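Heads up: the structure comes next, in C-alpha cells.
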Amino acid sequence: MNKYRSHNCNELRKKNVGSSILLSGWINKKRDHGNLLFLDLRDNYGITQCIIDKGNKNFKELEKLQLETVIKIEGKVVDRSTDTINKEIETGEIEVTIENFIVLGKCKELPMPVFSDQEYSEEIRLKYRYLDLRRKKIHENIILRSKVISFIRNEMNNFGFLEFQTPILTSSSPEGARDFLVPSRLNPGKFYALPQAPQQFKQLIMVSGFDKYFQIAPCFRDEDARADRSPGEFYQLDLEMSFVEQEDIFKVVEQLLVNTFKKFSKKKIITEKFPRITYRDALLKYGSDKPDLRNPLIIEDITETFTRKDVSFDIFKKLVKSGSNVRCIVTKNTKDKPRSFFDNIDRWAKNEGASGLAYFTIENGISAKGPVGKFFSKESLEEIMKKTGAKVGDSIFMACSKKKDLERITSLARDKIAKDLNLIDDNVFAFCWVVDYPMFEKNDQTNKIEFSHNPFSMPQGDIKKLNFEKPLDMLAYQYDIVCNGIELSSGAIRNHIPELMYKLFAIAGYDKDQVDEKFSGMINALSYGAPPHGGIAPGIDRIIMLLANEKNIREVTMFPMNQNAQDLMMNAPSSIDEKQLKELNLTLKIKK
RNA sequence: GGGGGUGUAGCUCAGUUGGUUAGAGCGAUCGCCUGUCACGCGAUAGGUCGAGGGUUCGAGUCCCUUCACUCCCGCCA
C-alpha cells in the first residue's frame, strides 16, 4: 500500500464505514470545539471531514496546526448520524475519526486565505499563485483547460491530423506584432525571435507533404495586455491542410468547435452551422468585424433619407452633405419606455465621444415623437420604416459621422442599448464566420497600402484576371471565427504561388529583393512544388474563457504575467550578470 | 505613449464638511466550549493611511508630483 494514502479525499462513502484508511491532504478548515475538533482535509479531488477529540493523545498538537498544513491521517471511517450529514460535499455521509497523524508539509502564516469566497487583488494572487491555484474556482478552471486541450488533441487525431512541434527560436519577421528577441551567443550581434505563430512553419509542413497538421502552439507577441489578451504568450490550436478550399476548413473547424463546446458547456449553440457574414456587412450591420450575434439589434444606413427636402434635421443634413453617413438602430416596441431610458443612452453616447444619439419613436398615423421628431415628414418616416423594418411603437436611434467613427459609435451603441433592454441571452453561444476580408487596406496616417491581415493569404477570384490596379477592391480567402463578440481565430487559404506573392508584396511596398531576404525560406519552398493549402488557428485561451465563463484570461492561465509583463512569483524579467551580457556581446544603454 | 478606476492592519473593506486616541469582519496569538460544516463566546497583538512635497492651527480626507495594481485607447495573427 502507498505510504501516504489508501484513498483520496473524495473517495470515501457509506460502504467504507468501518475500514481503516490513510488520507493525505491540506487542512482546509478547522472547527475547534475545545474538546472536539472537526478538520476538513482537502486534496485535488475533494474534501473529507475528519474528527478527533481530547481523548486522543494527538488532540492538542493537531488543534494548533495552521490551515493549509499538509498532513497524513490514519483513521477509521465512521457513519454520520442523519442530522449531521453534509450534502454539500460528496463524502458528506461519512467522516474519519483520526487515530494518528503526521505533518508532511508545514505551513507558515498565510498571506491570503485559501478557503474563502473573497476576491483578492491580482498582485497578491499572482505573487502567491500556488496558493491562489488551490482555490476551488480557479483550480477547476485549470483542470477544465487540461481536459479541453486533451479533448481537442484527440478530436484532431481522429480527424486524421498529425501533431508536430515547430521551433521556438526562429527568425524575426517584418509583418505583424513586435517580436520577442533572444540574442545569439554563437552569432554575435544576431538575434532569434520567438514565433508570433508558427505561420511559415506550418506552410512549410504542407510543402513537405504532410497533408494535415496541428499543434497546440505557444505564440509570443510583445504587445500590451488586455483583459482577454495575455502579455507575452498565449496558445493557439494551429492547423493547416493541403489541397483544400475554404469550405473544407470550415467543415473541420465547425465540427471541432461544436463538439468541444457541446462537451464542456451546458450553454446552447444557437447555430451549429455557423452563419457567414462578409467583412463589409459586419461593419455595416454590426459596426464591428467581431459581431455579437446574441444581440438581435441591427444597424441600418439611412443616409439617403437625409438628402430629402421634407427632412429638416439640419445638423445631420449638413454633415451628410460634407460626406458623413447616418446609421440607425431600431428598438422594437419601446414607445412606453420612460424619457430617462432615451436620455441615458444619449448621455452615454456623448460620454463615448460621439455628438450624441438622436432618437424618436414612431407613433400612430406615422409621426415621430421625441426631441428631433418634428424634423421628419410622414413620407420620410415611411421611407425609414421601409428601409429598416421599423413599425409603429418602435424607436430609432441615429448617429451621424464619418464612416470609421460611425462604425465605432454604432457598434458601442448596439451593445449599450441591448444591455439596457436586456436583449442578450447569456446562456447561448452564437458563432459566426466573418469572410471576404480585403487583401489590402490604406493606412490612415501614412496613406500607404498595407496588407490588411496575413500577407500570405490567397486573393479571391481567377488568379489570371486579378486587377492589380485596384488593390483595395481585392478580397482575400481570409476568415475569422467570432463567438459572442469575441474573436476566436483567424485563418486563410494561402498563396502558394511565388510570382503572385511578389506582385502582392510589391503593392505593399516590398520589392523582390526584400521579399527574398525576409521570407527566403518560404518563397524558396513555394517554388519547389507547393500544394494549395490553407488553415486556421483558434485561440485556446479564449475558447477556455468562453467555456469557463470568465472575462479575464488570467482566470484560465496557470501562471500568468501581470499587465506589465512581469511574473511576480518568479521575478521575471530580471537583471542578468555582467558575465552573461559579455558572452552575448551585449551592452546596456538604459533610458532614464 | 494616452485616459479612467483603485491603493487605509497579514487579507477584504468602512472612515461623514478637514477636527480628540484611525475602525469592522476574516486571519494570527491566548483562554473557554464534545456535533460543527462560514461552529460559537471572550481577550490580546497588529497601522509609514502606497511614497514625496504643499495648503492649513490641524490632512487618511484638499492640492501637486510620483509609484504600484487594474480597465480601456493606441498597439496586437
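First residue of the first sequence: -15, per the working numbering; consecutive thereafter.
Where is the CB? At the ideal position from N, CA and C, for every residue including glycine.
What you are looking at is a predicted structure, and each value in this text was computed from that prediction instead of being measured.
So, helix, strand or coil for residue i, using DSSP?
{"i": "Gly39", "result": "coil"}
{"i": "Val376", "result": "coil"}
{"i": "Ala266", "result": "helix"}
{"i": "Ile82", "result": "strand"}
{"i": "Leu88", "result": "strand"}
{"i": "Ser4", "result": "strand"}
{"i": "Glu562", "result": "helix"}
{"i": "Leu281", "result": "coil"}
{"i": "Gln239", "result": "helix"}
{"i": "Asn569", "result": "coil"}
{"i": "Arg526", "result": "helix"}
{"i": "Leu484", "result": "helix"}
{"i": "Ser385", "result": "strand"}
{"i": "Gly475", "result": "strand"}
{"i": "Thr75", "result": "coil"}
{"i": "Phe175", "result": "strand"}
{"i": "Gln184", "result": "helix"}
{"i": "Met96", "result": "coil"}
{"i": "Val54", "result": "strand"}
{"i": "Phe413", "result": "strand"}
{"i": "Glu47", "result": "helix"}
{"i": "Gln33", "result": "strand"}
{"i": "Asp404", "result": "helix"}
{"i": "Ile261", "result": "strand"}
{"i": "Asp67", "result": "helix"}
Along the chain, where does the alpha helix (DSSP H) containing residue i start, and where does it finish?
{"i": "Glu367", "result": "362 to 372"}
{"i": "Tyr343", "result": "No alpha helix (DSSP H) holds Tyr343; the beta strand (DSSP E) holding it covers 342 to 347."}
{"i": "Ala333", "result": "323 to 335"}
{"i": "Ala352", "result": "Not the alpha helix (DSSP H): Ala352 falls in the beta strand (DSSP E), residues 351 to 353."}
{"i": "Asn309", "result": "Careful: Asn309 lies outside any alpha helix (DSSP H), inside the beta strand (DSSP E) at 309 to 315."}
{"i": "Arg113", "result": "113 to 116"}
{"i": "Phe300", "result": "298 to 305"}
{"i": "Glu256", "result": "Neither: Glu256 is in no alpha helix (DSSP H) and is coded neither H nor E."}
{"i": "Asp497", "result": "496 to 502"}
In terms of residues, what are the limits of the beta strand (DSSP E) holding residue i?
{"i": "Ile465", "result": "462 to 467"}
{"i": "His517", "result": "517 to 522"}
{"i": "Pro202", "result": "196 to 205"}
{"i": "Lys131", "result": "First-last for Lys131: 120 to 142, but that is the alpha helix (DSSP H), not the beta strand (DSSP E)."}
{"i": "Phe435", "result": "433 to 435"}
{"i": "Gly216", "result": "216 to 226"}
{"i": "Val166", "result": "165 to 167"}
{"i": "Glu425", "result": "424 to 426"}
{"i": "Phe22", "result": "20 to 26"}
Looking at residue j and residue i, is the spacing between their C-beta atoms short of 8 angstroms?
{"i": "Val295", "j": "Ser364", "result": "yes"}
{"i": "Leu390", "j": "Arg311", "result": "yes"}
{"i": "Ala397", "j": "Ile313", "result": "yes"}
{"i": "Val132", "j": "Phe218", "result": "no"}
{"i": "Ala532", "j": "Asn243", "result": "no"}
{"i": "Pro443", "j": "Ala460", "result": "yes"}
{"i": "Leu6", "j": "Glu58", "result": "yes"}
{"i": "Thr68", "j": "Leu(-4)", "result": "no"}
{"i": "Phe440", "j": "Gln183", "result": "yes"}
{"i": "Met529", "j": "Leu117", "result": "no"}
{"i": "Gly271", "j": "Lys196", "result": "no"}
{"i": "Asn42", "j": "Leu25", "result": "no"}
{"i": "Arg526", "j": "Asp212", "result": "yes"}
Contact defined as beta carbons within less than 8 angstroms: I believe residue i pairs with residue j. What is the distance between those atoms, to the nearest angstrom?
{"i": "His517", "j": "Val228", "result": "7 angstroms"}
{"i": "Phe290", "j": "Lys301", "result": "5 angstroms"}
{"i": "Thr53", "j": "Cys(-7)", "result": "At roughly 15 angstroms, the Cβ-Cβ gap does not stay under 8 angstroms, so Thr53 and Cys(-7) are not in contact."}
{"i": "Cys384", "j": "Ser308", "result": "5 angstroms"}
{"i": "Thr345", "j": "Lys319", "result": "5 angstroms"}
What does the Cβ neighbour count give for residue i, buried or exposed, with the cut at 16 atoms within 10 Å?
{"i": "Ala161", "result": "exposed"}
{"i": "Gln462", "result": "buried"}
{"i": "Leu21", "result": "buried"}
{"i": "Ile127", "result": "exposed"}
{"i": "Val80", "result": "buried"}
{"i": "Ile86", "result": "exposed"}
{"i": "Tyr494", "result": "buried"}
{"i": "Tyr512", "result": "exposed"}
{"i": "Ala556", "result": "exposed"}
{"i": "Leu341", "result": "buried"}
{"i": "Ile401", "result": "buried"}
{"i": "Ile233", "result": "buried"}
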